[in-house]
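Just so you know, we're using the working numbering here: the sequence shown kicks off at 1135 and counts up by one. C-beta: ideal position from N, C-alpha, C; glycine also.
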Amino acid sequence: MHGIKRRQWTDESLAQKRALDQEKIKHYRNLNNKLLAKKTAKKYDDASLVDTTRLLSLNPEFNSIWNYRRDIISAIKDTLDENFWERELEFTMDQLRSFPKVYWIWNHRVWCLNNYPGSSIEVWKRELVIVGKLLEMDPRNFHGWHYRRIIIASIEKISDSSMNKHELEYTTTMINGNISNFSAWHQRCQLIPKMIKMHELGDLNEFIQKEINYLINAMFTDAEDQSVWMYVKWFIKEKCIIEHLTTDAYIAMLQKFKENILYINEDELEFSGKENVWCLKALIVIESIETSDLNLTSDCKKEDYLNRLIELDQPRKNRYRHMLNDA
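The following block contains the structure:
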């Protein structure tokens, strides 16, 4: 890194480092072979559990050893002390702090919660607070968002109540904090259809108009952000939105998006000297809906937009040419 002096290794210190590395590798291999032999022999005892802790601390991506650890715990669970499950959750949290994107750690933590004695709603609510703090530190961690959905589903099942409104508000908060949070936008895509089906959005016309305005504001906030445009594409093509709107209302919604996208694109052209690729892609999607689904044929510029993209977005020019041939 810039500004950091590179360490100078002498022949002696380099030899010492290599010897130390070789010792670490030898220790890891011995522990690995020992545990795999125990796993094959179905050795389920406290000593084996301790050994899995040691190996997983060195390599938390070793899924086979996580499986073995669960087999051990299941076999000796009647002998475990009352604080074991809290310690197990602490162990997984220690691993997540260093390796927040290793799926097997998240998976084991869910297993711990499902097997936690009593597994009361308070345990799950506490976990929701914890995952909230983890997502504050790493707002776009896909594993964290998936884990949050699991926690929410468990709370809903135990309490027999919906948390959809709470989660929709949460996605809004996370998006407002970082508009590039693809996972939050994705969560929104999951929630809205469910909430429409369960009649949880109140006046749906009012909600749709607010969502349109929210999206337009997001487009103006960062016209280069892929997450926003992917959500826009989802929203204007989502079946539950289309089915609720009259044809005239749907056409009006598309027109409102188109007018604002054209304005953003013109502004980008004036400011930077080139058009916005995402704007042109969105305009193509809208015009495809208008011509193919709504049979509106007036003033279609899809071919023009594709020709512009061929010039602007060279890495994907062949794709646009293919689309042009099909237009």
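Handout entry: Whole-Å CB distance - Leu1165 paired with Asp1185, under 8 Å assumed
Key = Right, the Cβ-Cβ distance comes to about 7 Å (below 8 Å), so this counts as a contact.
Problem - Contact check, His1365 vs Trp1319, beta carbons under 8 Å - result: The sequence given here has Tyr at residue 1365, not His. One thing to note: Tyr1365 has its Cβ within 8 Å of the Cβ of Trp1319.
Problem - DSSP-derived helix/strand/coil call for His1161 - result: Helix at His1161.
Problem - Segments assigned alpha helix (DSSP H), at least 4 residues, entirely inside the stretch 1335-1418 - result: Fully enclosed alpha helix (DSSP H) runs of 4 or longer: 1338-1355, 1360-1371, 1373-1378, 1381-1406.
Handout entry: Range covered by the alpha helix (DSSP H) that runs through Tyr1178
Key = Counting along the chain, no alpha helix (DSSP H) covers Tyr1178, and no H or E run does either.
Handout entry: Distance between Tyr1178 and Asp1205 (C-alpha atoms, nearest Å)
Key = When rounded, the distance between both Cα atoms is 7 Å.
Exercise for the section: Assign Met1135 to buried or exposed, taking buried as 16 or more other Cβ atoms, counted over all protein chains shown, within 10 Å of its Cβ. Expected result: Per-residue confidence for Met1135 stands at a pLDDT of 41, beneath the threshold of 50, marking its modelled position as unreliable; the derived number appears in the next sentence. Met1135 is classed as exposed because its beta carbon has fewer than 16 other beta carbons within 10 Å across all chains shown.
Practice task
Taking 8 Å as the cut-off, decide whether the C-beta atoms of Leu1326 and Lys1390 are in contact.
Solution key: Checking the sequence, you will find Ile at residue 1326 rather than Leu. Not in contact: Ile1326 and Lys1390 (Cβ atoms no closer than 8 Å).
Practice task
To the nearest angstrom, report how far apart His1280 and Arg1243 are at their CA atoms.
Solution key: Rounded to the nearest whole angstrom, the CA to CA distance from His1280 to Arg1243 is 13 Å.
Practice task
Please determine, among Ile1313, Asp1447, Lys1436, the residue with the shortest C-alpha to C-alpha distance to Asp1460.
Solution key: Of Ile1313, Asp1447, Lys1436, the residue nearest in Cα terms is Lys1436.
Exercise for the section: State the start and end residues of the unbroken alpha helix (DSSP H) segment that holds Phe1276. Expected result: In this chain, the alpha helix (DSSP H) harbouring Phe1276 covers 1276-1293.
Handout entry: Best match in Glu1409, Ile1292, Ser1182, Asn1339 for proximity to Glu1256 [C-alpha to C-alpha]
Key = It is Ile1292.
Handout entry: Euclidean distance between Cα positions of Lys1267 and Arg1231
Key = Lys1267 and Arg1231: Cα-Cα distance of roughly 12 Å.
Practice task
Confirm, please, whether the CB-CB distance from Tyr1237 to His1300 is below 8 Å.
Solution key: Tyr1237 sits away from His1300, with the two beta carbons spaced by 8 Å or more.
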